[in-house]
Every structure is written in C-alpha cells, then in structure tokens.
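Just below is one structure, and these are the notes that go with it.
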Amino acid sequence: MAPASRTVSTAAIGMLVALAAGTPACAQDLAGKAALCDVCHGEQVAARAIVMQQKTQRPVQFEITAPTRDAVHAWIKQDGLRSEDFLFPSRIHDSPHLGTRQYARILEGWIEELGLDTGAYGTHSIRRTKATLIYRRTKNLRAVQLLLGHTKLESTVHYLGIEVDDALEIAEQTEV
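Counting in the working numbering, the sequence shown runs from 11 upward without gaps.
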C-alpha cells in the first residue's frame, strides 16, 4: 500500500470531488476503499467502475467521465501509484486511505473559501446532485434507485425529496 506519510494533495481531493459529483456513489465509498485496480485496467482508467457500498455491502457501478479519467491518469503518473495503492491515501499515519471525515473537512474548507454556506453544501449534497438531475430528466425512479444502491424504492423517493404532486404528475403522464 501507499506510504502512510503521504499527504493528500489538492489535485487528489479535486479528483475525488469530480468523481463524487459525476456519480451517485458515496464519497465515503470512493475515498475509503477505491484502490487503483478498482478504476483502472492496466494503464487505462476505466469509463466505468464498481465500488462496494459500505452501508449496504452491495456493489454500485458508476461512470468516470473523460475529464475525470484524465485527472485520475495524471494523478497516478504524478504520484507514481501502483495498482495495489489506494487512490486517495490518508494524511494520518494509522490509516492507509483517506477517511470520510478527512474528506468532509477538506471539502468544507473549499466550500468556505468559495463563500458558500457549509450547511447547504457537503459530501452528501454532491452525491445527491447527479441522482436528482437524472431523476428530473427521466423521471425514472428505478434507474436512480439502482445508481444510488438503495434497496428500497421508498428510500430513493425520500432521498430525492419527491413530493406527492411529483408522483401524481408522473402517474398522469403514464398510460397503461
């Protein structure tokens, strides 16, 4: 594994934010468990990857956009990462990978620097962004449920903040 003394660079956190924003996968699952072998096939960064969702212990597939693949590739080259290395090494000596709290604190600092409300933006709002956009465009709850790795459709409805009016609108537009 990567040496514990490494620091997490701004580029690495930026890449994690890009990965988190581009997929409904949890940032904690990406930060805490993503090894290079999870996102690469040889020297190529994959267009899709799978992480095991910590909360449900179910695999969740996600896409890696072209700009994010380029950033991941540059990060790998810059830091000389090997396939067994964690993509996001920890700044703490006792942990080989970036922790959820470390990521949240770094992200909170960025949000403050941008002058945004830290109560309104965070790791979870990043996860919710793509799922919400997909739902708004397609109204396909089942697709969003799969992308989020939710076991219950009710969880997805609650997560997206879908109201009764939204459900009725969808029902009215659906012919049987």
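Positions of the beta carbon are idealized from the N, C-alpha and C atoms, including for glycine.
Buried or exposed (CB count within 10 angstroms, at least 16 for buried), residue i
i, result
"residue 76", "exposed"
"residue 163", "exposed"
"residue 166", "buried"
"residue 127", "exposed"
"residue 104", "exposed"
"residue 55", "buried"
"residue 141", "buried"
"residue 69", "exposed"
"residue 181", "exposed"
"residue 161", "exposed"
"residue 184", "exposed"
"residue 148", "exposed"
"residue 93", "exposed"
"residue 170", "buried"
"residue 152", "exposed"
"residue 49", "buried"
"residue 107", "buried"
"residue 186", "exposed"
Nearest-angstrom beta carbon gap, residue j and residue i [assumed within contact, 8 Å]
i, j, result
"residue 132", "residue 114", "7 Å"
"residue 59", "residue 72", "6 Å"
"residue 61", "residue 91", "Going by Cβ atoms, the distance from residue 61 to residue 91 rounds to 17 Å, so no, they are not a contact pair."
"residue 98", "residue 28", "So it is not a contact: roughly 12 Å between Cβ atoms."
"residue 25", "residue 110", "Not quite, the Cβ-Cβ distance comes to about 17 Å (not below 8 Å), so this is no contact."
"residue 144", "residue 156", "The Cβ separation is near 10 Å, so there is no contact."
Three-state secondary structure assigned by DSSP to residue i
i, result
"residue 99", "strand"
"residue 164", "helix"
"residue 54", "strand"
"residue 67", "coil"
"residue 73", "strand"
"residue 172", "coil"
"residue 44", "coil"
Terminal residues of the alpha helix (DSSP H) in which residue i lies
i, result
"residue 127", "Residue 127 -> no alpha helix (DSSP H), and no H or E assigned at all."
"residue 186", "Note, residue 186: premise wrong, no alpha helix (DSSP H); not H, not E."
"residue 147", "133-148"
"residue 153", "151-158"
"residue 91", "Looking at the DSSP string, residue 91 is not in any alpha helix (DSSP H), and its letter there is neither H nor E."
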